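Number of protein chains: 2
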Amino acid sequence: MKPSGAYHHGDLERALKTETVRLLATTEADAISLREVARNVGVDHRAAYRHFADRETLIADVAEDGYCALSAQLEAGLAKHAEEGAVHRLLQFARAYVQFSLKEPGYYRAMIRPRLVDKDRPADAGDAALAILEREVRKGIASGEFADDDVTELAVGLWSHLHGLASLIAGRRLYVKPSIAVAYTNRIFERSLRGLQQR
Amino acid sequence: MKPSGAYHHGDLERALKTETVRLLATTEADAISLREVARNVGVDHRAAYRHFADRETLIADVAEDGYCALSAQLEAGLAKHAEEGAVHRLLQFARAYVQFSLKEPGYYRAMIRPRLVDKDRPADAGDAALAILEREVRKGIASGEFADDDVTELAVGLWSHLHGLASLIAGRRLYVKPSIAVAYTNRIFERSLRGLQQR
DNA sequence: ACCTGAACACCGTTCAAGT
DNA sequence: ACCTGAACACCGTTCAAGT
Chain A
1 MKPSGAYHHG DLERALKTET VRLLATTEAD AISLREVARN VGVDHRAAYR HFADRETLIA
61 DVAEDGYCAL SAQLEAGLAK HAEEGAVHRL LQFARAYVQF SLKEPGYYRA MIRPRLVDKD
121 RPADAGDAAL AILEREVRKG IASGEFADDD VTELAVGLWS HLHGLASLIA GRRLYVKPSI
181 AVAYTNRIFE RSLRGLQQR
Chain B
1 MKPSGAYHHG DLERALKTET VRLLATTEAD AISLREVARN VGVDHRAAYR HFADRETLIA
61 DVAEDGYCAL SAQLEAGLAK HAEEGAVHRL LQFARAYVQF SLKEPGYYRA MIRPRLVDKD
121 RPADAGDAAL AILEREVRKG IASGEFADDD VTELAVGLWS HLHGLASLIA GRRLYVKPSI
181 AVAYTNRIFE RSLRGLQQR
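Line by line, the protein sequences give chains A and B. Heads up, the first sequence is in the working numbering, so the first residue is 1 and it goes up one at a time. Heads up, the second sequence is in the working numbering, so the first residue is 1 and it goes up one at a time.
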């Protein structure tokens, strides 16, 4: 909190997004207000409109940042398993995804928010993260580990399963002890993955 | 809309829930207000507090009704496949689940809402729907169709996958042409299910 | 029992004005 | 450019009062 009357001097956009993530870590998106975010940053709430079109855009921008961070984590994890087969790499992908959802609940909650409208949106960071998954699935088909089905359909299948698991936990609709959550979800994902394999 | 000044005469609780479902069919939960629901029903917004503790409870009660309706649909579908094996029955389960989410987006949106707190809640209608899935999985293990793993873990795995698929669609984060949505999600679920099978 | 008048402390958002 | 004073039309919720 800053003394009022002073300018924010610095990256207000960054500060507002960071505070939003901080609040989202413990609360759902509809329970936080633009005014509260601005108040906590020490700025009049109308200052936010200089950086974001509206409340929804603020959260959408946070989600975008979150998807970028997730992609980075996914790639970092995969880089450590460069020599492994597709199954191993996808299990690593799942581990990184779930870990991200647990360690960054603020970002994750923004990322899984329902979209209010299906607008003609340009490809976003969420698509980029899904593209990583598609790439790995494609490798698995090329290596003969997976059956030669539609790549997008396979990727969407795995993506939706991870989304389902992590969002049930993030939305408090499924309780899994945090200490075992990664192992638990990985066993489930592993079984799901088995269904893709060549037999 | 009724002329103001008159009593609602009738089941106001039912009327408020029905209107909430109607609004949720096209809008997200945080975009509808208790005042709007009451206004559309032709009643002062404070009348709602006679029936629901607060706005959140209204939506939670709608969700509860939705889970009851879903359970009924699931059982009705399964009843038509009484003689089939567990795999077939679970595919029927998946079809009924996805169909419900598509035909009743208002109920479904209420059902998948994040919980605001993890309170010590009594077993609810959502647990009952999951219990149906557990029962079917148990049958599959008993018949030797599925490997003898932890029943709850297997059921949570399938449940989360259906939830992930249907909620991505309901939340407009995944677009699937409505005409092929059931077939599409069923293929994905079938693959996931394959991972549970004895080999 | 069921409903509302009046009121409170909040929202998101806009416009015109300050530095 | 970046920020705010004043204002508007909304919220959710409570309390005391009407039929």
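By construction, the Cβ of each residue, glycine as well, lies at the ideal position given by its N, Cα and C atoms. As the structure is a computational prediction, the values presented were derived from the model and not from experiment.
Item                                                                                                                              : Value
Counted within 10 angstroms of its Cβ, other Cβ atoms place residue 198/A as buried (16 or more) or exposed                       : exposed
Proximity below 7 angstroms, CB of residue 60/A to CB of residue 189/A                                                            : no
Test: residue 143/B CB closer than 7 angstroms to a CB of chain A                                                                 : no
Nearest candidate by alpha-carbon position, reference residue 102/B, set 113/B, 21/B, 186/B and 182/B                             : 182/B
CA-to-CA distance, residue 169/B to residue 176/B, given in whole angstroms                                                       : 7 angstroms
Cross-strand partners of residue 146/A (DSSP beta bridge)                                                                         : 197/A
Backbone secondary structure at residue 188/A - three-state DSSP                                                                  : helix
CB-CB length for residue 77/B against residue 145/B, believed under 8 angstroms                                                   : Wrong, their Cβ atoms sit about 19 angstroms apart, outside the cutoff.
C-beta contact flag for residue 48/A and residue 113/A at 7 angstroms                                                             : no
Residues in the stretch 26-37 of chain A having any Cβ partner in chain B nearer than 9 angstroms                                 : 27, 28, 29, 30 and 31
Backbone secondary structure at residue 76/B - three-state DSSP                                                                   : helix
Interface partners of residue 153/B on chain A, CB under 8 angstroms                                                              : 184, 187 and 188
CB contact flag (residue 92/B, residue 81/B, <7 angstroms)                                                                        : yes
Segment contact, 8 angstroms Cβ cut-off, at least three pairs: the stretch 152-169 of chain B with the stretch 148-166 of chain A : yes
Residue burial classification, residue 79/A (beta-carbon count within 10 angstroms, cutoff 16)                                    : exposed
Exposure of residue 3/A, with buried meaning 16 or more beta-carbon neighbours within 10 Å                                        : Bear in mind that the predicted position of residue 3/A carries a pLDDT of just 39, short of 50, making it unreliable; the figure below should be weighed with that in mind. With fewer than 16 Cβ atoms within 10 Å of its Cβ, residue 3/A is classed as exposed.
Own chain residues within Cβ distance below 6 angstroms of residue 139/A, not counting five before or after                       : 86
Cutoff 6 angstroms; reference residue 192/A; Cβ partners in own chain excluding five residues on either side                      : 161
Cα-Cα separation, residue 152/A to residue 90/A                                                                                   : 15 angstroms
Alpha carbon of residue 35/B to alpha carbon of residue 109/A, nearest angstrom                                                   : 27 angstroms
Closer than 7 angstroms to chain B by CB, residue 114/A                                                                           : yes
Residue 33/B: first and last residue of the uninterrupted alpha helix (DSSP H) it sits in                                         : Where residue 33/B is concerned, there is no enclosing alpha helix (DSSP H), given that its DSSP letter is neither H nor E.
C-alpha gap between residue 66/B and residue 180/A, whole angstroms                                                               : 31 angstroms
Residue 175/B, DSSP secondary structure in three states                                                                           : coil
Contacts of residue 196/A in chain B (Cβ-Cβ under 7 angstroms)                                                                    : 191
Secondary structure of residue 88/A, DSSP reduced to three states                                                                 : helix
Close beta carbons around residue 174/B, own chain, < 7 angstroms, minus the five adjacent residues each side                     : 168
Option nearest residue 40/A by Cα separation, candidates 137/A, 117/A, 15/A and 142/A                                             : 15/A
Among 111/B, 75/B, 186/B and 31/B, nearest to residue 134/B - alpha-carbon criterion                                              : 75/B
Closer than 7 angstroms at the beta carbon, the chain B residues around residue 157/A                                             : 188, 191 and 192
6 angstroms CB neighbourhood of residue 1/A in its chain, flanking five on each side removed                                      : Any answer about residue 1/A is weak, because its pLDDT of 38 lies below 50 and its placement is not dependable; what the coordinates show is given next. Same-chain partners within the cutoff: 42.
CA-to-CA distance, residue 46/B to residue 73/A, given in whole angstroms                                                         : 49 angstroms
Residue 118/A versus 57/B, 27/B, 20/B and 11/B, residue with shortest Cα-Cα distance                                              : 27/B
Proximity test, Cβ basis, 7 angstroms: residue 171/B and chain A                                                                  : yes
For residue 117/A, three-class secondary structure by DSSP                                                                        : coil
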